[in-house]
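In what follows, a structure is listed as structure tokens, so that the remarks can point back to it.
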Amino acid sequence: MREALRTRRFYPLTQTNPTMIIHKTGNKKWINRHETFEQPISDLYDLANRDTGDVLADYNDTTTSIQGIIQQAINAGTTIRVLGGEWSWTKIAATNGILLNTKPLNLSFKIGQQNLSPACNRSPEEFYFSQCGTSVKELSDRLRKRNRSLKTSGASNGQTIVGAMSTGTHGSAIDVGSIQDCVVGLHIIVSPVRHVWLERKSNPIVSQSFVSNLHATLIQDDSLFNAALVSFGSFGFIHGVLIETDPLFLYRSYRLKVESGDDLYELMETLDFGNTSIALPFGNERPYHFQTLINQYDSKNQAYLTAMYKRPYNTTYTPPALTGGFAPGDDGPSFIGAITQAIPALVPSIVNALISSAYAPYSNVWGTHGEIFSNTDTHGKVLSSATGVPLNYVNKVRLILLELNKTKGPFAGVIAFRYVKGTQATLGFTKFPITCIVELDGVFSNESYRFYDLFWNELFAQNIPFTFHWGKLLKLDNPKVRTLYTAEKVNEWLAARKKVMVDPLSMRVFTNDLMVEWGLDTLVSEDVVA
Ligand SMILES: Cc1cc2nc3c(=O)[nH]c(=O)nc-3n(C[C@H](O)[C@H](O)[C@H](O)COP(=O)(O)OP(=O)(O)OC[C@H]3O[C@@H](n4cnc5c(N)ncnc54)[C@H](O)[C@@H]3O)c2cc1C
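Counting from 132, one number per residue, gives the positions in the sequence shown under our numbering.
Encoded structure:
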């Protein structure tokens, strides 16, 4: 538990807090990573742990200091939002109050047998504890040294673990789920006087002594836990998470060009690998990771299909090389920014040229999770929208998109279909038993925004059951949130927030404009939820 790996930036101690390092930058505006919006703020604090050599003491000092920051915000009548990697396109990490940069809060450690509850009959090897600011890439690297691996992640990995979890970041591990589905314990600082260890009652993991070491209050409750998992900064400061990991494994990866046609469409809508006539590398074997990408301008009408098979780790493979700066697991946001909006007549040839250079087919590429999904940066400005739909609507949505592109396009971007097992997170957007995430990655332009809007309007107009990724471009308001994610789930989430946070003043501190717009703040003002 005391073992930790750290990368540190040095910040001078500029204020009176005696414990953690808090650097008040004095910044009055914040621009998200994609430079898609600018937000006036009252300040941005860079946070860092102390480095006394006692990791647990440093971690606990940070807890106490964060409580102090919450108290100061209450006293000043201002708000706080916790930043992850700042990769979201929505203003979900924004507030006009104080922003907290958590990236230097990147302690992590394995847990021991004494940290496990007697009710948990699993090996401590299966779990790993991470402080909130550890990036997904850092986690992958640290796990690898322990012969362990993340089960899944997004395609690119510059997010922090809590930032990624908080919007429901997903890959395309079809039978696994998203990042939040691998989290089994949450340490949340909810007020100046309360911080909790939250886990499912149906899945108790840690011992009372583990919780006592953090000086936290133990809550075992499925409904509260499921609500906090995808809570985009609204349940307080999530200081640490316990994740489930897999033994280190390899992907055997392929990206193929296949005929677009009924056989492919059927597979995209059923994931029935046992009955497909599409020639896949290992016949009927169900891949661990599967996704398709459609280039709507391909004159040969071919689609890209990525299939990755899970294989035991061995040391004889050759890790993948980055080709032109692109990794085997890359998706649209990693490469679309290499182009800019062109006059409509040129869009097809530009998209064609980009896809053939950045998204070339490959075969029999081996790598660990961190080697296949290795990008931590973006190439230029880019826009991204992701909507979750049930499997049996995939082709209906595909046809809507192709028709829109023909009649109201051209869309300067790519269309991808990724798949994950449904989540237990109350407001997780991957809510269908298997959710297909229809992803539109486009150039940064008004034309892309217009195309997204047309697409979303069509989904509403045709009554397609769908959801929006909370961290990507979306079109939501209070009634839409209640329709898409269901009023029942919204009420459950609101009630859980009140029960976990308890203190209305602290709830107000962790409420931002988007939450008000979406009606996810209502219990702050004690409104009765219908
Ligand atoms: C190039 C690129 C590729 C992407 N690929 C994918 C992909 O493959 N799959 C996918 O699903 N998404 C993808 N995304 C979207 C991205 O994963 C999500 O928007 C994710 O939430 C961003 O994480 P972050 O660490 O940057 O967090 P931020 O965007 O900074 O914050 C996200 C939310 O988490 C909250 N938060 C962060 N830390 C804490 C904390 N300690 N306590 C409480 N709340 C906290 C913030 O307040 C905010 O509400 C991609 C984005 C980019 C830029």
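For every residue, glycine included, the Cβ atom is placed at its ideal position computed from N, Cα and C.
Predicted model, so just to flag it, every value in this text is computed and none were measured.
- Distance check between Y259 and each of D192, T291, C313, L485 places C313 closest, using alpha-carbon atoms only.
- Boundaries cannot be given for Y428, as no alpha helix (DSSP H) includes it and DSSP labels it neither H nor E.
- Uninterrupted alpha helix (DSSP H) stretches at least 4 residues long and entirely within the region 301-363 occur at 339-344, 353-360, given in chain order.
- Comparing C-alpha distances from H154 to each of R181, N191, K276 shows the shortest one belongs to R181.
- Taking 8 Å as the upper bound for CB-CB distance, D189 and T183 are in contact here, some 6 Å apart.
- For V482 against Y428, the beta-carbon gap comes to about 5 Å, under 8 Å, which counts as contact.
- In the DSSP assignment, Q170 is bridged to W161.
- Per DSSP, the unbroken beta strand (DSSP E) holding A517 starts and ends at 513-521.
- Counting C-beta pairs with one atom in each stretch, the region 439-446 and the region 371-390 have three or more that are closer than 8 Å, which means they touch.
- Not a single unbroken stretch of the alpha helix (DSSP H) spanning 4 or more residues falls wholly within the region 170-200.
- For E375, the enclosing beta strand (DSSP E) stretches over residues 368-375.
- T291 sits in a strand when the DSSP states are folded into three classes.
- For K562, the Cβ stays outside the 7 Å cut-off from all heavy atoms of ligand 1.
- Taking the Cα positions, N523 is about 14 Å away from N594.
- Taking the Cα of T298 as reference, the smallest distance to any Cα among E217, V337, L230, A547 is reached at E217.
- Collapsing the DSSP output to three states places M439 in a strand.
- Residue pairing by DSSP places Q262 opposite G371 in a beta bridge.
- For D572, DSSP records a beta bridge to S515, V545.
- Residue pairing by DSSP places H154 opposite D177 in a beta bridge.
- Sorting H165, Q198, L615, T557 by C-alpha distance to the C-alpha of G367 places Q198 at the top.
- According to the DSSP assignment, N588 belongs to the alpha helix (DSSP H) that extends over 577-592.
- Listed in chain order, the non-local C-beta contacts of N415 below 7 Å within the same chain comprise F404, G405, local neighbours out to five positions each way being set aside.
- Spanning the alpha carbons of I531 and I205 requires a straight line of approximately 48 Å.
- S322 places its beta carbon less than 8 Å from that of D634.
- Beta-carbon to beta-carbon, Q422 and R529 are separated by about 14 Å, too far to satisfy the 8 Å threshold.
- The C-beta of K620 has 16 or more other C-beta atoms within 10 Å across all chains shown, which makes the residue buried.
- Judged by DSSP secondary structure, I211 falls outside any alpha helix (DSSP H) and instead within the beta strand (DSSP E) spanning 211-214.
- In the DSSP assignment, S384 falls outside any alpha helix (DSSP H) and within the unbroken beta strand (DSSP E) covering 380-390.
- In this structure, the beta-carbon distance from T348 to R331 does not fall below 8 Å.
- When E502, F168, L317, V569 are compared, the shortest CA-CA separation from Y448 is found for E502.
- A contact is defined here as three or more CB-CB pairs under 8 Å, and the region 350-363 meets this definition with respect to the region 286-303.
- Three or more beta-carbon pairs separated by less than 8 Å are not found between the region 638-646 and the region 583-599, which leaves the two stretches without contact.
- At least one heavy atom of ligand 1 falls within 7 Å of the beta-carbon of E217.
- Take the alpha-carbon of V574 and the one of I474: they are about 13 Å apart.
- For Q555, the CB contacts under 6 Å within the same chain, skipping 5 residues up- and downstream, are N357 in chain order.
- The shortest C-alpha to C-alpha distance from I350 to any of K268, V327, L274 is the one to V327.
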